[in-house]
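For what it's worth, the UniProt record's numbering labels the leading residue of the sequence shown as 1, then goes sequentially. Shown next, in structure tokens, is the structure this report addresses.
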Amino acid sequence: QKDRLEELKADCKRFEQQRDRTLLQLNGEDGTSGKHAERRELDTRLVSRCWDQKVKHDEAFQGAFKGVRSSRDSFKARVG
């Protein structure tokens, strides 16, 4: 019984360490970098690239993009 308790405590510690490593990877050491920040940066770039294409082809596709032609985020959501 005591061995089982020690085994469970070791498992718990291992899971806590794994959780901490995962959170560090997601949030970065400073709490503002990491994978979450990387995703925000990529999303911003995607919005910009989508909008550039929209502007480039706006006249040809104005019917298809009706209702989202004045908002970058709405346009990205429709296209993405």
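From the three backbone atoms N, C-alpha and C, an ideal C-beta is built for every residue, glycine too. All values derive from a computational prediction rather than experimental measurement.
In the structure shown, D30 adopts coil according to DSSP, grouped into three states. Counting C-beta pairs with one atom in each stretch, the region 58–66 and the region 31–49 have fewer than three that are closer than 8 Å, which means they do not touch.
Our two residues, Q1 and C12, have alpha carbons roughly 17 Å apart in a direct line.
By the CB criterion at 7 Å, R72 and V47 fall inside the cutoff. Burial state of K54 is buried, judged by a 10 Å Cβ sphere holding 16 or more other Cβ atoms.
Annotation: E59 to L26 spans about 41 Å, alpha carbon to alpha carbon. With respect to the C-alpha of S74, the residue from K56, H57 and C50 having the closest C-alpha is C50. Apart from sequence neighbours up to five positions away, the residues of its chain that approach L24 with a beta-carbon distance below 8 Å are G34, ordered along the chain.
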